[in-house]
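>
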Amino acid sequence: MENFKLMIVEDVPLELKGTEGIVRHEIPEAEVIGTATNEVEYWRLIKKQQPDLVLLDLGLGGSTTVGVEICRHTKEQYPQVKVLIFTGEILNEKLWVDVLDAGADGIILKSGELLTRADVRAVMEGKQLVFNEPILQKIVERFKYVVSSQLVRQEALVNYEIDEYDERFLRHLALGYTKEQITNLRGMPFGVKSLEKRQNELVRKLFPGGESVNATRLVVRALELRILDIDNLEPDTE
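First residue of the sequence shown? That's 186 in my numbering, and the numbers climb one at a time after it.
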């Protein structure tokens, strides 16, 4: 890894000292050209001398949004500058998403292995989305959950013989559409009576005991069986 210029943004003096110590002992290629404890100091420093990498804490002055905005505006104004988040916000997953949307090159949580030379080298060599072990574990867990849910849904569609029109019908019922409104959807070639017949057939498939259920109970059953994905209940274009 070649030598590079580093700027550290951290508002807690003890943590700033610790971060400088990590850089000094573990990343000798880094030349710390400035440190900032708030947004004003940061913009004053970067206008004087641009770093190759900004090591950015998110929780500045008790606000998490300041760090996200610093990242976003840095990427807009200095696209060649890399931004690596080094944060103690270890539970705020929404904040991670926000800062990744803002263009961050990676997130290192202040837990577990902390900041390593390998992480910094990966960022400086152009690797995108560099994470350390704590956040990687969460990402893998979420990935496994999503894949497992998708497999369960695919199996349910096959096992209960749910076709495209069944899924669209059930999804729009779940969204509060009436049968009359569903018949007006683009590509839905059914009238109200045909939809009523389809609903009865779906009841037969999903409630093999033969009980009589209404549309609401039918939709709940479809959600229980993962035929419908509650996280992706979006209407079709009408």
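Cβ coordinates follow ideal geometry from the N, Cα and C atoms, glycine included.
Bear in mind that the values here come from a model prediction, so they are computed numbers and not experimental data.
1. Compute the Euclidean distance between the alpha carbons of L299 and N385, then round it to the nearest angstrom.
2. Check whether the segment 288-296 touches the segment 219-229, counting contact only when three or more Cβ pairs, one atom from each stretch, lie closer than 8 Å.
3. What would DSSP say about A289, mapped onto helix, strand or coil?
4. Could you spell out the range, first to last residue, of the beta strand (DSSP E) harbouring I255?
5. By the three-class DSSP mapping on this structure, what secondary structure does E386 have?
6. When we look at the beta-carbon of P198 and count the other beta-carbons within 10 Å, is it buried (16 or more) or exposed?
7. From this set, L191, A307, T204 and R411, which residue's C-alpha is nearest L336's C-alpha?
8. Spell out a yes or no on whether the segment 345-363 and the segment 318-336 are touching, meaning 3 or more CB-CB pairs, one atom from each, closer than 8 Å.
9. Does the segment 299-310 come close enough to the segment 201-217 that 3 or more CB-CB pairs lie under 8 Å?
10. Buried or exposed, going by whether 16 or more other CB atoms sit within 10 Å of the CB of G394?
11. Rounded to whole angstroms, what is the Cα-Cα separation between K260 and N417?
12. Pick helix, strand or coil for G219, following the three-state DSSP scheme.
13. Return helix, strand or coil for I324, following the three-state DSSP convention.
14. Give me the residue from E200, P236, T249 and F271 with the minimum Cα distance to Q265.
15. I want to know whether the segment 187-196 touches the segment 277-291 - three or more CB-CB distances under 8 Å.
16. Given a threshold of 16 other Cβ atoms within 10 Å of its Cβ, counted over all protein chains shown, does L314 qualify as buried or as exposed?
17. Return the CA-CA distance between L358 and K279, expressed in angstroms with no decimal places.
The short version:
1. The residue you call residue 299 lines up with position 114 of the sequence shown. The residue you call residue 385 lines up with position 200 of the sequence shown. Distance between the alpha carbons of L299 and N385 is about 58 Å.
2. no
3. Taking the sequence shown and counting its residues from 1, one reaches residue 289 at position 104. Correct three-state label for A289: coil.
4. One-based indexing of the sequence shown puts residue 255 at position 70. Careful: I255 lies outside any beta strand (DSSP E), inside the alpha helix (DSSP H) at T250 to Q262.
5. Looking up residue 386 in the sequence shown gives position 201. Reduced to three states, the DSSP call for E386 is helix.
6. Indexing the sequence shown from 1 puts residue 198 at position 13. Looking at its Cβ environment, which holds fewer than 16 other Cβ atoms inside 10 Å, P198 is exposed.
7. Sequence index remark: in the sequence shown, residue 336 carries index 151 (1-based). Ranking L191, A307, T204 and R411 by Cα distance to L336 puts R411 first.
8. no
9. yes
10. As a position in the sequence shown, residue 394 is number 209, starting the count at 1. Answer is exposed; the Cβ neighbour count stays below 16.
11. Sequence index remark: in the sequence shown, residue 260 carries index 75 (1-based). Sequence index remark: in the sequence shown, residue 417 carries index 232 (1-based). If you take the alpha carbons of K260 and N417, they lie about 31 Å apart.
12. Counted from its first residue, the sequence shown places residue 219 at position 34. G219: strand per DSSP, three-state reduction.
13. Taking the first residue of the sequence shown as 1, we reach residue 324 at position 139. Helix, per DSSP.
14. Residue mapping note: residue 265 aligns to position 80 of the sequence shown, counting from 1. The residue with the shortest Cα to Cα distance from Q265 is P236.
15. no
16. Residue mapping note: residue 314 aligns to position 129 of the sequence shown, counting from 1. Exposed is the call here.
17. Position 173 of the sequence shown, counting from 1, holds the residue named residue 358. Position 94 of the sequence shown, counting from 1, holds the residue named residue 279. Spanning the two alpha carbons is a distance of roughly 30 Å.
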